[in-house]
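Colleague: Chains as they are written, first to last, in this note's numbering: chain C, 1 to 333; chain R, 1001 to 1333.
Shown below is the structure under consideration.
Number of protein chains: 2
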Amino acid sequence: MNTTIYDVAREAGVSMATVSRVVNGNPNVKPATRKKVLDAIEGLGYRPNAVARGLASKKTTTVGVIIPDISSIFFAELARGIEDIATMYKYNIILCNSDQNKEKEIHLINTMLEKQVDGILFMGGEITEEHAETFKRSPVPIVLAATLDADKEMPSVNINYHQAAFDAVSDLINAGVKRVGMVTGPLEDPVNGYQKFSGYKKACEEKGQGFDENLVAVGDYTYHSGLEGAQKLVGLDDSPTAIFAATDEMALGVIHGLQDIGLKVPEDVQVIGFDNTRLAQMVRPTLTTVVQPMYDIGAVSMRLLTKYMNKEDVEDEVVALPHLMEYRDSTTF
Amino acid sequence: MNTTIYDVAREAGVSMATVSRVVNGNPNVKPATRKKVLDAIEGLGYRPNAVARGLASKKTTTVGVIIPDISSIFFAELARGIEDIATMYKYNIILCNSDQNKEKEIHLINTMLEKQVDGILFMGGEITEEHAETFKRSPVPIVLAATLDADKEMPSVNINYHQAAFDAVSDLINAGVKRVGMVTGPLEDPVNGYQKFSGYKKACEEKGQGFDENLVAVGDYTYHSGLEGAQKLVGLDDSPTAIFAATDEMALGVIHGLQDIGLKVPEDVQVIGFDNTRLAQMVRPTLTTVVQPMYDIGAVSMRLLTKYMNKEDVEDEVVALPHLMEYRDSTTF
DNA sequence: TTGAAAGCGCTAACAG
DNA sequence: CTGTTAGCGCTTTCAA
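And the structure:
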């Protein structure tokens, strides 16, 4: 049997309430008493049982984190930001991979709710009606990180993907590129698909080159799909002299796809990526990319969640972090 | 107030014990009764409280995972293997980053024990005496993943790092390379430092080139340190014509460090990495590397932990998974 | 096949 | 400043 608060009380010659008070740092304890209790705790090697505490207090100091895939370099960085801030506020994290599978996501939320988490941080792709229903029914706060909610009625932390993509493509066109191609994520994905694509499209339309759907290759976030996308695009009659990729990993694929068939980056074709993961510096030429502050998105969303959990006032429910460009050697400007 | 097992019992006209039985799939319930209960659960939207269950049953179906840094591509892959198997066995994961800091590691173990996890999966660097003490005192099983325990008295899952490094360097020497250099991790690190280094050293000594400490650069796992290491090594009078790096990330740094000063890989200098992370294919030339099955190490260690938690018999407490070489374009053989 | 009742270890009024 | 007393929601004997 493990030693309990009751054992400590007996050992120290006080009531369990007093032990509870010193364990929880309640100031209403005479120093001498506190010392007796502390000594007893030390002597018995007492370790409070967080489960019992959770049952009695209805707080577990644990938050659920639903993430598409922790082995993705992008989400792993986000997770690190989340965990750091959680630790700072004394929360632990229950981490689950969803593979962006709707049934799994809903199931995971329910599992976490059973475990009585104090809040949930959700990262995913599309927020369907069913997601919205589930979120609404949740007895604890839920915050979205790097995940768009069409109705903007959920608390969330993002950057403006549409604008960021628009900016990146505009840079290219302003620098004199006549035809810019794109390797996008699946268009059903609101972030890496639709938003970034629409930013690209808008820049094409407004800046003169016009939109040509042949210049768009749809990838699946992988390096390999970037590689294939590049080869498809440069195989065109009127092939692009710059390619914008929706993620850094695909951008690396694009660069190597280009190089593998003898094209030079950036001389023949310029390349811009998105995210500024560590990959961007691990390639030659180094990658010009849109900086998405992944760690910060994780950190800020966790901070936001703590505010909800503490019932603090929050002024901005929907926060958009700034993005910017990191110019490296895969572009000529 | 949330609905409890008691509400369901009243609604279904049975006792809470019966509700508990159907919730837990106990077969000793008449089908008709079961149906009544299930209907009541459905109607009330009842969701069992895992915290209360944990307190009563002394099982939380949660395991603690201590990892140096989830944003590392290597550990993220490992974590994915862990989580997948945990999910398969209906466990959830509490994930914490330790940054390989001893105090943090010990502290985290205690936090997890307070939370009454059913087991702990530990990834770290050095296992000190203090670690061993803490592990020994744990009331729940602990398994090490990709982490060496000098005394081999803890259950663990690894590959044979020494042998793997020896094999890689031997390949180079057998292929005619006269001088092989190495970029190692910190030598205090038993895995990425000492074991791999000693494998390298042994191959040098046994295969003829002899060991020359000038040929060794100590990195810190980062891409950047690989880059610097390479430049240091090729600056030598009698510079190496092949470099073995203790991790893929450092190997990418080595390749680019070489290329940045005009050397060709593999014509001028061959390069071999370690781990076979996804990075190995995201570089030109693609990287020849030692395959360490990260996902599998995670999966197998979690499986091993489930056996301990279920008090099943385990035949192999210390498991060594096989390693092999993946030959790509950064070597000439 | 079902119910009654005793905890699991702790928090949180409430009293004194 | 300290102790008493109810629970928190569930599992688990033990009887019936």
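Ideal placement from N, C-alpha and C gives every residue a C-beta, glycine not left out.
Pick helix, strand or coil for C:Glu315, following the three-state DSSP scheme.
Modeller: Indexing the first sequence from 1 puts residue 315 of chain C at position 315. DSSP places C:Glu315 in coil when its eight states are reduced to three.
Colleague: Going by the CB atoms, is the gap between R:Val1283 and R:Leu1252 shorter than 7 angstroms?
Modeller: In the second sequence, residue 1252 of chain R corresponds to position 252, counting from 1. In the second sequence, residue 1283 of chain R corresponds to position 283, counting from 1. Yes, the Cβ-Cβ distance between R:Leu1252 and R:Val1283 is below 7 angstroms.
Colleague: Check whether the stretch 308 to 327 of chain C touches the stretch 1307 to 1327 of chain R, counting contact only when three or more Cβ pairs, one atom from each stretch, lie closer than 8 angstroms.
Modeller: At 8 angstroms Cβ cutoff, the stretches do not touch.
Colleague: Roughly how many angstroms separate the alpha carbons of C:Glu77 and R:Lys1036, rounded to a whole number?
Modeller: Taking the first residue of the first sequence as 1, we reach residue 77 of chain C at position 77. Taking the first residue of the second sequence as 1, we reach residue 1036 of chain R at position 36. Going by the C-alpha atoms only, they are around 48 angstroms apart.
Colleague: Leaving out the 5 sequence neighbours to the left and right, which residues in its chain are closer than 6 angstroms to C:Ile127 when beta-carbon positions are compared?
Modeller: Counted from its first residue, the first sequence places residue 127 of chain C at position 127. For C:Ile127, where only same-chain residues beyond five positions count, the Cβ hits under 6 angstroms are Asp149.
Colleague: Residues of the stretch 29 to 53 of chain C in Cβ contact with chain R at a cutoff of 9 angstroms, in chain order, please.
Modeller: Taking 9 angstroms as the Cβ-Cβ cut-off against chain R, the residues of the stretch 29 to 53 of chain C that qualify are Gly45, Arg47, Pro48, Asn49, Ala50, Val51, Ala52, Arg53.
Colleague: Tell me the DSSP bridge mates of C:Asp275?
Modeller: Counting from 1 along the first sequence, the entry for residue 275 of chain C is found at position 275. Beta-bridge pairing links C:Asp275 to C:Val291.
Colleague: Going along the chain, which unbroken runs of the beta strand (DSSP E) with 3 or more residues stay wholly within the stretch 1050 to 1103 of chain R?
Modeller: List check, beta strand (DSSP E) in window: 1062 to 1067, 1092 to 1097.
Colleague: How would you list, in chain order, the residues of chain R whose beta-carbon sits under 9 angstroms from the beta-carbon of C:Ile297?
Modeller: The residue you call residue 297 of chain C lines up with position 297 of the first sequence. What C:Ile297 touches in chain R: nothing, since even the nearest Cβ is about 13 angstroms away.
Colleague: Tell me the residue span of the beta strand (DSSP E) that contains C:Glu126.
Modeller: The count along the first sequence starts at 1 and reaches residue 126 of chain C at position 126. No beta strand (DSSP E) contains C:Glu126, which DSSP labels as neither H nor E.
Colleague: Give me the Cβ distance between C:Ala146 and C:Leu121, rounded to the nearest whole Å; I'm assuming they're in contact under 8 angstroms.
Modeller: For the purposes of this step, residue 146 of chain C is taken as the residue at position 146 of the first sequence. For the purposes of this step, residue 121 of chain C is taken as the residue at position 121 of the first sequence. That pair is no contact at about 10 angstroms.
Colleague: Throw me the rounded Cβ distance for the C:Phe135 and C:Met294 pair, which I believe falls under 8 angstroms.
Modeller: Your numbering for residue 135 of chain C matches position 135 in the first sequence. Your numbering for residue 294 of chain C matches position 294 in the first sequence. Actually they do not touch by this definition, with Cβ atoms about 23 angstroms apart.
Colleague: Cα-Cα, which of R:Thr1184, R:Ser1170, R:Gly1185 is closest to R:Lys1178?
Modeller: Along the second sequence, one-based indexing puts residue 1178 of chain R at 178. For the residues R:Thr1184, R:Ser1170, R:Gly1185, the minimum Cα distance to R:Lys1178 belongs to R:Ser1170.
Colleague: From R:Gly1054 to R:Thr1060, what distance separates their C-alpha atoms?
Modeller: The count along the second sequence starts at 1 and reaches residue 1054 of chain R at position 54. The count along the second sequence starts at 1 and reaches residue 1060 of chain R at position 60. Roughly 5 angstroms between the two C-alpha positions.
Colleague: Under 8 angstroms, CB to CB, which of the residues in the stretch 261 to 288 of chain C have a partner in chain R?
Modeller: So the close ones are Arg278, Leu279, Gln281, Met282, Val283, Arg284.
Colleague: Could you tell me which chain C residues have their CB closer than 7 angstroms to the CB of R:Glu1077, listed as they occur along the chain?
Modeller: Your numbering for residue 1077 of chain R matches position 77 in the second sequence. Those are Ser71, listed as they occur along chain C.
Colleague: Work out the CA separation of C:Asp84 and R:Thr1184 for me, nearest whole Å.
Modeller: Taking the first residue of the second sequence as position 1, residue 1184 of chain R is located at position 184. Taking the first residue of the first sequence as position 1, residue 84 of chain C is located at position 84. Their backbone Cα atoms lie some 28 angstroms apart in a straight line.
Colleague: Given C:Gly235, which residues of its chain have a CB within under 6 angstroms of its CB, disregarding the five upstream and five downstream residues?
Modeller: Taking the first sequence and counting its residues from 1, one reaches residue 235 of chain C at position 235. No residues qualify anywhere along the chain.
Colleague: Does the stretch 1264 to 1278 of chain R come within contact of the stretch 1232 to 1251 of chain R, defined as at least 3 CB pairs closer than 8 angstroms?
Modeller: Touching, yes.
Colleague: Compare the beta carbon distance of C:Gly81 and C:Met112 with 7 angstroms and say whether it is the shorter of the two.
Modeller: Within the first sequence, the letter at position 81 stands for residue 81 of chain C. Within the first sequence, the letter at position 112 stands for residue 112 of chain C. Against a cut-off of 7 angstroms, the Cβ pair of C:Met112 and C:Gly81 comes out as no contact.
Colleague: Whose Cβ in chain R lies nearer than 7 angstroms to the Cβ of C:Leu113?
Modeller: As a first step, residue 113 of chain C is located in the first sequence; it is residue number 113 there, counting from the start. Within 7 angstroms Cβ-Cβ: Arg1047.
Colleague: Could you pull out every residue in the same chain whose Cβ sits closer than 6 angstroms to the Cβ of R:Leu1258, ignoring the five residues on either side in sequence?
Modeller: Stepping through the second sequence from its first residue, residue 1258 of chain R is reached at position 258. Around R:Leu1258: Ala1230, Val1265, Val1269.
Colleague: Name the DSSP beta bridge partners of R:Ile1243, please?
Modeller: The residue you call residue 1243 of chain R lines up with position 243 of the second sequence. R:Gly1181, R:Val1271, per the DSSP bridge assignment.
Colleague: Which residues in chain C sit within 9 angstroms of R:Pro1068, going by Cβ to Cβ distance?
Modeller: Within the second sequence, numbered from 1, the residue matching residue 1068 of chain R stands at position 68. Near R:Pro1068 there are no residues of chain C at all, since even the closest Cβ is about 11 angstroms away, more than 9 angstroms.
Colleague: Listed in chain order, which residues of the stretch 1217 to 1236 of chain R have Cβ atoms closer than 7 angstroms to some Cβ of chain C?
Modeller: So the close ones are Tyr1223.
Colleague: Based on Cα-Cα distance, which residue from C:Tyr327, C:Gly219, C:Thr4, C:Ser71 lies nearest to C:Leu172?
Modeller: To locate residue 172 of chain C, count along the first sequence from 1; it is residue 172. Nearest of C:Tyr327, C:Gly219, C:Thr4, C:Ser71 to C:Leu172, Cα basis: C:Tyr327.
Colleague: Quick one: give me the first and last residue of the alpha helix (DSSP H) that R:Ser1020 is part of.
Modeller: As a working mapping, residue 1020 of chain R is identified with position 20 in the second sequence. Taken as a continuous stretch (DSSP letters only), the alpha helix (DSSP H) holding R:Ser1020 covers 1016 to 1023.
Colleague: CB R:Thr1241 to CB R:Thr1288, shorter than 7 angstroms?
Modeller: Locating residue 1241 of chain R in the second sequence gives position 241, where the first residue counts as 1. Locating residue 1288 of chain R in the second sequence gives position 288, where the first residue counts as 1. Not in contact: R:Thr1241 and R:Thr1288 (Cβ atoms no closer than 7 angstroms).
Colleague: What residue ranges within the stretch 117 to 168 of chain C form continuous alpha helix (DSSP H) runs of no fewer than 4 residues, ordered along the chain?
Modeller: The stretch 117 to 168 of chain C contains these whole alpha helix (DSSP H) runs: 129 to 137.
Colleague: Can at least three beta-carbon pairs, one atom from the stretch 1090 to 1108 of chain R and one from the stretch 83 to 102 of chain C, be found at a separation below 8 angstroms?
Modeller: Touching, yes.
Colleague: Does the distance from the C-beta atom of R:Ala1165 to that of R:Tyr1194 stay below 7 angstroms?
Modeller: Indexing the second sequence from 1 puts residue 1165 of chain R at position 165. Indexing the second sequence from 1 puts residue 1194 of chain R at position 194. No, the pair does not count as a contact, with Cβ atoms beyond the cut-off.
Colleague: In angstroms with no decimal places, state the Cα-to-Cα distance between R:Arg1047 and R:Tyr1006.
Modeller: Taking the first residue of the second sequence as position 1, residue 1047 of chain R is located at position 47. Taking the first residue of the second sequence as position 1, residue 1006 of chain R is located at position 6. In a straight line, the C-alpha of R:Arg1047 is about 12 angstroms away from that of R:Tyr1006.
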